[in-house]
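Going from the sequence shown to my numbering is simple: count from 1 and add 898.
Ideal placement from N, C-alpha and C gives every residue a C-beta, glycine not left out.
It should be emphasised that the depicted structure is a prediction, and the values quoted were computed from it without experimental measurement.
One structure is given here, and the rest of the page talks about it.
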Amino acid sequence: MENDKKTNPSALNEKAGISPPEIISSAVAKNIQKFRNSQPTSKELIDGILSGNITALSRAITLVESTNPDHLIKANEVINACLSHANKSVRIGITGVPGVGKSTFIEAFGKHLTNLGKKVAVLAVDPSSTISHGSILGDKTRMEELVKDPNAYIRPSASGETLGGVARKTRETISLCEACGFDTIIIETVGVGQSETAVHSMVDFFLLLKIAGAGDELQGIKRGIMEMADAIVINKADGDNIKKAKLAKTEFNRALHLFPAKKSGWIPTTASCSALTKEGISEVWQTIEKFLAQTKENDYFYKKRSEQNEYWMLETINEQLKLNFFNNPEIQKLLDSTKKAVQNGETSPFAAAQLLLKTYFK
């Protein structure tokens, strides 16, 4: 019997297989790792950006977004060298509540612009978790057609602890994209609602996306994001939703007349579109072109750009002071014990803050 088992093994008997070949050679793997670990110089990044190299642009943006103090000097060198080549684009901010179809709209809108011969950069800001501090950064997967377009560039960034719907370094990223040759910059915000106002201070045209059935006229006239919008577009106006979209358009149009006149002299418009069927997308761009023509003619466009530069200078000072404060060795030594004292009720938060500030300014 034993001899039979040896000559006629069971069907479940496992035979020695052939070991699979290496997917990639060790030499190639070393070269890839070496390339990833290598840090390009400031000049290499600057030359790459000015020649339209997307890899150089991406690496420069990563450097600018870094919180590592060692990267700050290099990042500033790159930004300063690119500034003279910036300010030659149209900056469009697009916001709206989650589910309004921002990514789908931007893909349809971006494709329309590239078909017109534009070079489009999309800066998509993704919300960061307050628990894990992570972000999905999945906007590229939502814009699968636009991401393959050679005249488009999509850069997702995490919002981090920044409020206002944009990332910490979105303003600097705009300058780098402009220096790389992109003439239309689209900023897709987090989409949190009324608090999303920081994007208004870095764009020329502010577009608010809405959907039908998300609130009545009273909801529409709430202060905040509504009065900042240069245009309101009712998205998803297709299928059974067309009638609702038309009604919503009428309601929002009425609501806009309740706001005070804009300094630009521009009267905000309302429209409806379908990012799915591409209906109404070209009309959105025509509205933006009319806005640009009017604001450039009355010089509001250039005045607003100057005011934005001043605003971001002050914001940069605030941010740098905060960064320097928390990176100070004396503050780092004192911070943990001060936190515990506040948590245990041994001192008030205000007294603890004063102690830390006095230590810093010594």
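- To which residues does DSSP link residue 1054 through a beta bridge? Residue numbering aside, residue 1054 sits at position 156 when the sequence shown is read from its first letter. DSSP, once it has assigned bridges, lists 1022 as partnering residue 1054.
- Query: Is the region 972–989 touching the region 1138–1152 in the sense that three or more CB pairs, one from each, lie closer than 8 Å?
  - Reply: Contact fails: fewer than three Cβ-Cβ distances are below 8 Å.
- Is residue 1131 closer than 9 Å to residue 870 when the C-beta atoms are compared? The structure shown does not extend to residue 870, since the chain is modelled only from 899 through 1260, so no value can be given for it.
- Item | Cβ pair residue 1000, residue 1047 closer than 9 Å | Position 102 of the sequence shown, counted from the first residue, corresponds to residue 1000. Position 149 of the sequence shown, counted from the first residue, corresponds to residue 1047. The beta carbons of residue 1000 and residue 1047 sit no closer together than 9 Å.
- DSSP on residue 1252, reduced to helix/strand/coil? The residue you call residue 1252 lines up with position 354 of the sequence shown. Per DSSP, reduced to three states, the secondary structure at residue 1252 is helical.
- Cβ-Cβ distance between residue 950 and residue 1078 below 9 Å: Position 52 of the sequence shown holds residue 950. Position 180 of the sequence shown holds residue 1078. The answer is yes: Cβ separation under 9 Å.
- Rounded C-alpha distance that separates residue 1246 from residue 1252: Within the sequence shown, the letter at position 348 stands for residue 1246. Within the sequence shown, the letter at position 354 stands for residue 1252. Straight-line Cα distance between these residues: approximately 10 Å.
- Given that a residue counts as buried once 16 or more other Cβ atoms are within 10 Å of its Cβ, and exposed if not, what is residue 1172? Indexing the sequence shown from 1 puts residue 1172 at position 274. Residue environment: residue 1172 is assigned as buried (16 or more neighbouring CB atoms within 10 Å of its CB, all protein chains considered).
- Query: Looking at C-beta atoms only, is the number of pairs between the region 1159–1174 and the region 1217–1227 that lie closer than 8 Å three or more?
  - Reply: Contact between the region 1159–1174 and the region 1217–1227 is absent, because fewer than three Cβ pairs lie under 8 Å.
- Alpha-carbon spacing of residue 1041 relative to residue 1176, whole angstroms: Residue numbering aside, residue 1041 sits at position 143 when the sequence shown is read from its first letter. Residue numbering aside, residue 1176 sits at position 278 when the sequence shown is read from its first letter. Using only the alpha carbons, I get a separation of about 14 Å.
- Task: Using the Cα positions of residue 969 and residue 1071, report the straight-line distance between them to the nearest angstrom.
- Result: Taking the first residue of the sequence shown as 1, we reach residue 969 at position 71. Taking the first residue of the sequence shown as 1, we reach residue 1071 at position 173. So the two alpha carbons sit approximately 15 Å from each other.
- Item | Bounding residues of the beta strand (DSSP E) (the contiguous stretch that carries residue 956) | Along the sequence shown, one-based indexing puts residue 956 at 58. Where residue 956 is concerned, there is no enclosing beta strand (DSSP E), although the alpha helix (DSSP H) it sits in stretches over 952–963.
- Message: Can you give me the C-alpha to C-alpha distance between residue 1141 and residue 1178, rounded to a whole angstrom?
- Response: Here residue 1141 corresponds to residue number 243 of the sequence shown, with the count starting at 1. Here residue 1178 corresponds to residue number 280 of the sequence shown, with the count starting at 1. One Cα belongs to residue 1141, the other to residue 1178, and the distance between them is close to 15 Å.
- Task: Give me the Cα-Cα distance between residue 1190 and residue 1257, rounded to the nearest whole angstrom.
- Result: Here residue 1190 refers to the residue found at position 292 when the sequence shown is read from its first residue. Here residue 1257 refers to the residue found at position 359 when the sequence shown is read from its first residue. Spanning the alpha carbons of residue 1190 and residue 1257 requires a straight line of approximately 50 Å.
- Terminal residues of the continuous beta strand (DSSP E) containing residue 1104? As a working note, residue 1104 is residue 206 in the sequence shown. Looking at the DSSP string, the run of the beta strand (DSSP E) that includes residue 1104 is 1103–1109.
- Three-state secondary structure assigned by DSSP to residue 984: The residue you call residue 984 lines up with position 86 of the sequence shown. In this structure, DSSP gives residue 984 a state outside helix and strand, which the three-state scheme calls coil.
- How would you label residue 1055, buried or exposed, when you count the other beta carbons within 10 angstroms and need 16 or more for buried? As a position in the sequence shown, residue 1055 is number 157, starting the count at 1. Residue 1055 comes out buried.
- Query: Which class does residue 1131 belong to by DSSP, given the choice of helix, strand or coil?
  - Reply: As a first step, residue 1131 is located in the sequence shown; it is residue number 233 there, counting from the start. Residue 1131 carries a strand assignment under DSSP once its states are collapsed to helix, strand and coil.
- Query: Which same chain residues, not among the five before or five after residue 1007, have their C-beta less than 6 Å away from its C-beta?
  - Reply: Within the sequence shown, numbered from 1, the residue matching residue 1007 stands at position 109. Around residue 1007: 1179.
- Considering only the beta carbon of each residue, do residue 987 and residue 1086 sit closer than 9 Å? On the sequence shown, position 89 is the one that residue 987 refers to. On the sequence shown, position 188 is the one that residue 1086 refers to. No, they are not a contact pair.
- Item | Collapsed DSSP secondary structure at residue 1175 in the structure displayed | Within the sequence shown, the letter at position 277 stands for residue 1175. Coil, per DSSP.
- Query: How would you write the range of the beta strand (DSSP E) that residue 1168 sits in, first residue to last?
  - Reply: Position 270 of the sequence shown, counted from the first residue, corresponds to residue 1168. Its beta strand (DSSP E) spans residues 1167–1170.
- Task: Tell me whether residue 1050 is buried or exposed, calling it buried when 16 or more other Cβ atoms sit within 10 Å of its Cβ.
- Result: Against the sequence shown, residue 1050 aligns to sequence position 152. Looking at its Cβ environment, which holds 16 or more other Cβ atoms inside 10 Å, residue 1050 is buried.
- Message: Suppose contacts are defined by Cβ-Cβ distances below 9 Å. Is residue 1127 in contact with residue 1135 by that definition?
- Response: The residue labelled residue 1127 in the question sits at position 229 within the sequence shown. The residue labelled residue 1135 in the question sits at position 237 within the sequence shown. For residue 1127 and residue 1135, no; Cβs fall outside 9 Å.
- Message: By the DSSP assignment, the alpha helix (DSSP H) with residue 939 in it spans what residues?
- Response: Your numbering for residue 939 matches position 41 in the sequence shown. No alpha helix (DSSP H) contains residue 939, which DSSP labels as neither H nor E.
- Task: Examine chain C for any beta-carbon lying closer than 9 Å to the beta-carbon of residue 1184, and answer yes or no.
- Result: Absence of chain C from the displayed structure is noted, only one protein chain being present.
- Coarse secondary structure for residue 993, derived from DSSP in three states: For the purposes of this step, residue 993 is taken as residue 95 along the sequence shown, with counting starting at 1. Three-state result, residue 993: strand.
- Would you identify the three-state DSSP class for residue 1043, choosing helix, strand or coil? Position 145 of the sequence shown, counting from 1, holds the residue named residue 1043. DSSP places residue 1043 outside both helix and strand once states are collapsed to three, so it counts as coil.
- Message: According to DSSP, is residue 1068 part of a helix, a strand, or is it coil?
- Response: Indexing the sequence shown from 1 puts residue 1068 at position 170. Three-state DSSP puts residue 1068 in a helix.
- Message: Using 9 Å as the threshold, is the C-beta distance between residue 975 and residue 944 below it?
- Response: Position 77 of the sequence shown, counted from the first residue, corresponds to residue 975. Position 46 of the sequence shown, counted from the first residue, corresponds to residue 944. Between residue 975 and residue 944, the C-beta gap is smaller than 9 Å, which places the two residues in contact.
- For residue 1203, count neighbouring C-beta atoms within 10 Å of its own C-beta (all shown protein chains included) and say buried if the count is 16 or more, exposed if not. Position 305 of the sequence shown, counting from 1, holds the residue named residue 1203. By the Cβ neighbour-count rule, residue 1203 is exposed, with fewer than 16 other Cβ atoms within 10 Å of its own.
- Item | Inter-residue Cα distance where the pair is residue 1017 and residue 1084 | By one-based count along the sequence shown, residue 1017 stands at place 119. By one-based count along the sequence shown, residue 1084 stands at place 186. Distance between residue 1017 and residue 1084, taken at the CA atoms: about 11 Å.
- Task: Determine the closest residue to residue 1213 out of 1157, 1103, 1228 and 1068, with distance taken between C-alpha atoms.
- Result: Position 315 of the sequence shown holds residue 1213. The shortest C-alpha separation from residue 1213 is found at 1068.
- So, is residue 1137 buried or exposed, given that buried needs 16 or more other C-beta atoms within 10 angstroms? Numbered from 1 along the sequence shown, position 239 holds the residue referred to as residue 1137. By the beta-carbon neighbour count (other beta carbons within 10 angstroms, threshold 16), residue 1137 is exposed.
- Query: Quick one: is the Cβ of residue 998 within less than 8 Å of any heavy atom of the ligand NAP?
  - Reply: What this structure holds is no ligand at all, so the ligand NAP is not there to describe.
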